[in-house]
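Student:
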Amino acid sequence: MNELNFKRHRRLRTNERIRSMVRETYVRKEDLIYPIFVIEGSNVKNEVPSMPGVFQLSLDHLDEEVQSVVALGIPSVILFGIPAEKDDVGTGAYHNHGIVQEATRQVKEKFPELIVIADTCLCEFTDHGHCGVIENGEVLNDPSLKLLAKTAISQAKAGADIIAPSNMMDGFVAAIRKGLDEAGFDHIPIMSYAVKYASAFYGPFRDAAGSTPQFGDRKSYQMDPANRLEALREAQSDIEEGADFLMVKPALSYLDVMREVKDRFNAPMVAYNVSGEYAMVKAAALNGWVDEKRIVLELLTSMKRAGADLIITYFAKDVAAWLNEEK
Ligand code: PBG
4 MNELNFKRHR RLRTNERIRS MVRETYVRKE DLIYPIFVIE GSNVKNEVPS MPGVFQLSLD
64 HLDEEVQSVV ALGIPSVILF GIPAEKDDVG TGAYHNHGIV QEATRQVKEK FPELIVIADT
124 CLCEFTDHGH CGVIENGEVL NDPSLKLLAK TAISQAKAGA DIIAPSNMMD GFVAAIRKGL
184 DEAGFDHIPI MSYAVKYASA FYGPFRDAAG STPQFGDRKS YQMDPANRLE ALREAQSDIE
244 EGADFLMVKP ALSYLDVMRE VKDRFNAPMV AYNVSGEYAM VKAAALNGWV DEKRIVLELL
304 TSMKRAGADL IITYFAKDVA AWLNEEK
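Numbering (our numbering), first residue to last: 4 to 330.
#1: Quick one: what's got a C-beta closer than 6 Å to V293's C-beta in the same chain, skipping five residues either side?
#2: Judging by CA-CA distance, which residue of Q104, E244, A319 and P55 is the nearest neighbour of L82?
#3: At the level of alpha carbons, what is the spacing between R180 and E141?
#4: Please name the residue in I77, P86 and Q109 whose C-alpha comes closest to that of L65.
#5: Is any heavy atom in ligand 1 found nearer than 7 Å to the beta carbon of G279?
#6: Return helix, strand or coil for F9, following the three-state DSSP convention.
#7: Terminal residues of the continuous alpha helix (DSSP H) containing I191?
#8: Which residues in the same chain as H12 place their Cβ atom closer than 6 Å to its Cβ, once the five residues preceding and following it in sequence are excluded?
#9: Have a look at C134 and M226 and give me their C-alpha separation to the nearest angstrom.
#10: Buried or exposed: which applies to V25, given that a residue is buried once 16 or more other Cβ atoms fall within 10 Å of its Cβ?
#11: Counting along the chain, where does the beta strand (DSSP E) carrying F58 start and finish?
#12: Return no unless some Cβ of chain D is closer than 8 Å to the Cβ of I120.
#13: Taking its Cβ as the centre, do 16 or more other Cβ atoms sit within 10 Å of G182, making it buried, or is it exposed?
#14: Any contact of the stretch 118-134 with the stretch 91-105, i.e. 3+ C-beta pairs under 8 Å?
#15: Under 7 Å Cβ to Cβ from K111, same chain only, skipping five residues before and after it: list those, please.
#16: For ligand 1, any of its heavy atoms closer than 7 Å to the Cβ of S79?
#17: With distance defined between alpha-carbon atoms, name the residue in D34, V51 and P192 nearest to A319.
#18: DSSP state of N269, grouped into three classes?
#19: Which residue's Cα is closest to the Cα of G187: S45, I165 and I156?
#20: Given this structure, state the Cα-to-Cα distance separating E116 from M194, to the nearest angstrom.
#21: Take the Cβ of G56 as the centre, count every other Cβ of all protein chains shown within 10 Å, and call the residue buried at 16 or more, exposed below.
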């Protein structure tokens with residue numbers, strides 16, 4: 004065989020001890036952010052049909068959920084709100100006693116160490132389901148910015164540790180940064196949904212949050228899945244406007260974009276492993292067609308390998324439990 008010249012890569016794969024010495028990427032509990040849907044009303048614990056294991060929870064069921072997140076060692080949650088009433092300007096989003104504001108206060112009072120991230124958008128609170136204000140069937144940019152800044156300030160007042168605007172209006176980071184600074188919250192970071200595609204993968208979330216647009220779609224503000232350079236322009240603007248974290252969303256179909264964003268911009272990067280990605284894996288796992296634990300860990304590892312520092316995932320509790328078992 005000495006006439007063949009080749010490299011023996013298998014030497015470093017001989018056994019688990021050697022493999023773990025050369026492993027490049029790890030998923031850690033510290034990387035995880037768990038999404039929670041809080042709903043106005045009492046005694047509500049509705050499982051979302053397309054998201055088995057994920058619930059809409061009223062405030063009287065919130066503590067038990069947060070307690071289990073904290074007990075597993077997950078450092079952070081992101082809150083989404085479902086109001087009892089909606090209107091055309093999304094008043095519930097920036098009301099001081101809105102559902103996200105009340106939930107934030109409750110969580111920070113009982114679990115002060117847990118990092119609470121508030122999703123800042125109007126779509127769950129508008130009767131038309133769009134992420135901004137509407138005039139003649141158009142989503143208006145600049146008038147929406149004022150409401151988004153107002154929303155962020157009310158969330159910071161309620162005790163949110165991080166503001167995460169997801170609405171995709173132009174200038175939303177600049178408007179929110181200015182609003183927060185003027186209101187005395189210059190210490191509160193912005194986790195910008197900088198690169199957010201108009202994706203079919205948000206379907207189950209819209210069931211969970213009741214935020215399906217009542218007419219049209221989100222393609223005039225969320226990005227075309229075909230575009231890569233546009234993602235870099237979006238990320239650049241958000242960095243210039245003062246974003247502290249950059250998010251890429253969805254995760255799985257956009258790992259290439261993540262890698263480029265990470266290589267170009269010096270900011271912590273967040274992958275959003277979205278509802279449709281969760282639903283696909285759950286459906287296959289519930290049918291016994293895939294090994295859920297291995298599939299999920301492989302998926303999250305691919306996001307870390309693509310450069311993500313943090314991952315928002317509906318699997319966070321399962322992953323934390325699996326990681327705890329290994330210890
Ligand atoms: C609000 C928002 C959405 C998601 C997060 N924030 C829905 C949307 O843009 O339609 C989707 C998250 C998921 O699918 O898990 N704008």
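Cβ atoms here follow ideal geometry from the backbone N, Cα and C, with glycine treated the same way. Computed from a predicted model, the values in this text were never measured in an experiment.
Tutor: So, from the data block:
#1: Taking the sequence shown and counting its residues from 1, the one referred to as residue 293 is at position 290. Result list for V293: A287, in chain order.
#2: Here residue 82 is taken as the residue at index 79 of the sequence shown, counted from 1. Per the C-alpha coordinates, the member of Q104, E244, A319 and P55 positioned closest to L82 is Q104.
#3: Locating residue 180 in the sequence shown gives position 177, where the first residue counts as 1. Locating residue 141 in the sequence shown gives position 138, where the first residue counts as 1. Straight-line Cα distance between these residues: approximately 25 Å.
#4: As a working mapping, residue 65 is identified with position 62 in the sequence shown. Proximity to L65 across I77, P86 and Q109 peaks at Q109, based on C-alpha coordinates.
#5: Start at 1 with the first residue of the sequence shown, and residue 279 comes out as number 276. Within the cutoff, so yes.
#6: Stepping through the sequence shown from its first residue, residue 9 is reached at position 6. Three-state result, F9: coil.
#7: As a working mapping, residue 191 is identified with position 188 in the sequence shown. It is not in any alpha helix (DSSP H) - I191 carries neither H nor E in the DSSP assignment.
#8: Numbered from its first residue, the sequence shown carries residue 12 at position 9. Excluding sequence neighbours, H12 sits near nothing in its chain.
#9: Residue 134 sits at position 131 when you count from the first residue of the sequence shown. Residue 226 sits at position 223 when you count from the first residue of the sequence shown. Cα atoms of C134 and M226: separation of roughly 14 Å, rounded to the nearest angstrom.
#10: Translated into the one-based positions of the sequence shown, residue 25 becomes position 22. Exposed is the call here.
#11: What you label residue 58 is simply residue 55 of the sequence shown in a count that begins at 1. From DSSP, the beta strand (DSSP E) with F58 extends over M54 to L60.
#12: Absent from the structure: chain D. Only one protein chain is present.
#13: In the sequence shown, the residue the question calls residue 182 occupies position 179. Residue environment for G182: buried (at least 16 other C-beta atoms within 10 angstroms of its C-beta).
#14: Contact between the stretch 118-134 and the stretch 91-105 is present, because at least three Cβ pairs lie under 8 Å.
#15: As a first step, residue 111 must be located in the sequence shown, where it is residue number 108. Around K111: V119 and G162.
#16: Here the question's residue 79 lines up with position 76 in the sequence shown. It does not: the Cβ of S79 is nowhere closer than 7 Å to a heavy atom of ligand 1.
#17: By one-based count along the sequence shown, residue 319 stands at place 316. Measuring from the Cα of A319, the nearest candidate turns out to be D34.
#18: For the purposes of this step, residue 269 is taken as residue 266 along the sequence shown, with counting starting at 1. The answer is coil: DSSP assigns N269 none of H, G, I, E or B.
#19: To locate residue 187, count along the sequence shown from 1; it is residue 184. Minimum Cα distance to G187 is reached at I156.
#20: Here residue 116 corresponds to residue number 113 of the sequence shown, with the count starting at 1. Here residue 194 corresponds to residue number 191 of the sequence shown, with the count starting at 1. Whole-angstrom Cα-Cα distance: 19 Å.
#21: Counted from its first residue, the sequence shown places residue 56 at position 53. By the neighbour-count definition (other C-beta atoms within 10 Å, threshold 16), G56 is an exposed residue.
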